[in-house]
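Asker: Handing you this structure, nothing more for now.
In this note's numbering, the protein residues as written are 10 to 333.
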């Protein structure tokens with residue numbers, strides 16, 4: 010297939026572009042490089058540097074070839090920031106996504122894969138299924154939910170086949186390809202930067218949550234397993250017109266448990282400081298991925314937290330400055 014992939018200079022988008030190319034697909038990466046890195050874009054991919062807000066550039070790009078599918082990874086992702094500046098997220102994540110969907114439909118694209126999030130759900134003590142209550146705790150989660158809802162209307166009205174993959178803390182690394190956000194806000198990279206001496210300590214935001222050790226509990230999914238699910242969903246859209254799946258390992262780990270695992274893996278001291286809660290953090294988000302396992306045969310190949318952190322540690326220790 011010929012794939013139009015937004016956000017392909019970012020962590021998940023670039024990994025997906027790479028695996029698509031390895032699977033024999035053609036890939037055009039469309040990225041503004043506002044948060045991504047040109048060096049992260051696979052060399053075999055066609056690259057267009059432009060912003061989704063540039064409707065003219067986007068229309069030209071989607072009309073330049075016949076594309077079989079759009080895979081959409083371009084978004085601001087910082088949940089905490091979305092609670093301070095929601096308009097920034099509404100404009101970039103929601104308004105720009107609507108422009109992309111509309112332009113893709115006009116260009117005759119029939120499949121659309123959305124990189125969504127577990128942040129659409131209300132916090133729950135039980136593993137979250139696709140039928141769990143929807144209640145975003147932050148503006149970021151709201152934008153992803155709104156895009157999903159828009160895609161459903163485009164399915165009904167224009168016949169656009171779509172998949173929304175709601176995943177839980179993508180992490181880990183592939184050979185030569187890892188997580189390099191600027192600024193970094195994800196727990197595992199922050200912990201490993203502390204192990205490298207690039208930070209004095211890692212912050213634990215909130216120690217009074219209703220969890221066994223008082224810190225937030227999250228599911229973690231290796232980047233390779235996440236990408237494999239996206240490729241399976243892309244193929245399945247040939248026969249089905251709507252797919253919504255959770256992606257996770259089904260194991261919840263607290264912030265303290267992640268820090269302890271990183272100490273084991275790296276063999277280094279990792280100082281931690283307790284800080285007040287951040288707005289928008291749900292106490293517990295853990296996935297049940299039974300639906301995608303049952304329907305598409307997806308199985309995580311890297312479920313262990315220590316293995317995930319070890320792959321990330323290999324990337325960070327060999328790329329201390331990321332893609333710079």
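By construction, the Cβ of each residue, glycine as well, lies at the ideal position given by its N, Cα and C atoms. Keep in mind that this is a model prediction, so the values were computed, not measured.
1) Can you say whether residue 145 is buried or exposed, counting buried as having 16 or more other CB atoms within 10 angstroms of its CB?
2) On the DSSP letters alone, give me the boundaries of the alpha helix (DSSP H) that residue 236 sits inside.
3) Distance, Cα to Cα, residue 209 vs residue 200?
4) Residue ranges of each alpha helix (DSSP H) run of no fewer than 4 residues wholly in the region 288 to 315, ordered along the chain?
5) Quick one: measure Cβ to Cβ for residue 125 and residue 204, integer angstroms, because I've assumed they're closer than 8 Å.
6) Within this structure, are the beta carbons of residue 137 and residue 148 separated by less than 8 Å?
7) For the structure I just gave you, are there three or more beta carbon pairs, one from the region 223 to 240 and one from the region 313 to 320, closer than 8 Å?
8) Is it the case that the Cβ atoms of residue 298 and residue 261 are separated by a distance below 8 Å?
9) With a threshold of 16 other CB atoms inside 10 Å of the CB of residue 72, please say whether the residue is buried or exposed.
10) Count the other CB atoms within 10 Å of the CB of residue 25; is the residue buried (16 or more) or exposed (fewer)?
11) Tell me where the alpha helix (DSSP H) around residue 167 begins and ends.
12) Alpha carbon to alpha carbon, how far is residue 20 from residue 188? Give it in angstroms, no decimals.
13) May I have the straight-line CA-CA distance separating residue 85 from residue 63, to the nearest angstrom?
14) Should the region 151 to 170 be called in touch with the region 286 to 293, which here means at least 3 C-beta pairs below 8 Å?
15) At what residues does the alpha helix (DSSP H) containing residue 203 begin and finish?
16) For residue 238 and residue 212, I'd like the C-alpha separation in whole angstroms.
17) Assuming contact is defined by CB atoms lying nearer than 8 Å, are residue 170 and residue 120 in contact in what I supplied?
18) Pairing CB atoms from the region 29 to 39 with CB atoms from the region 53 to 69, are three or more of them under 8 Å?
19) Pick out whichever of 180, 253, 183 has its Cα sitting closest to the Cα of residue 161.
20) If we count Cβ pairs, one from each stretch, closer than 8 Å, do we get three or more for the region 110 to 118 versus the region 75 to 84?
21) Going by beta carbon distance, what residues of the same chain come within less than 6 Å of residue 68, once the five residues before and after it are set aside?
22) Can you find the residues in the same chain that come closer than 7 Å, C-beta to C-beta, to residue 270, ignoring five residues on each side of it along the sequence?
23) Spatial neighbours of residue 281 within its chain, please: CB distance less than 7 Å, with the 5 preceding and 5 following residues excluded, ordered by chain position.
24) Give the range of the beta strand (DSSP E) segment to which residue 80 is assigned.
25) Rounded to a whole number of angstroms, what is the C-alpha to C-alpha distance between residue 8 and residue 305?
26) Given a cut-off of 8 Å on the beta-carbon distance, is the pair residue 222 and residue 263 in contact?
27) Among the candidates 215, 88, 240, 44, whose CA atom is the shortest distance from the CA of residue 30?
28) In this structure, does DSSP put residue 15 in helix, strand or coil?
29) Pick helix, strand or coil for residue 1, following the three-state DSSP scheme.
Answerer: On the basis of the supplied data:
1) buried
2) 232 to 245
3) 10 Å
4) 299 to 305
5) Contact doesn't hold; Cβ gap of about 31 Å is too wide.
6) no
7) yes
8) no
9) exposed
10) buried
11) 148 to 167
12) 5 Å
13) 17 Å
14) no
15) 196 to 204
16) 32 Å
17) yes
18) yes
19) 253
20) yes
21) 112
22) 314, 315, 318
23) 210, 211, 213, 268
24) 78 to 81
25) Residue 8 is absent from the structure shown; the chain starts at 10 and stops at 333.
26) yes
27) 240
28) strand
29) With the chain represented from 10 up to 333, any question about residue 1 goes unanswered, as that position is not in the structure.
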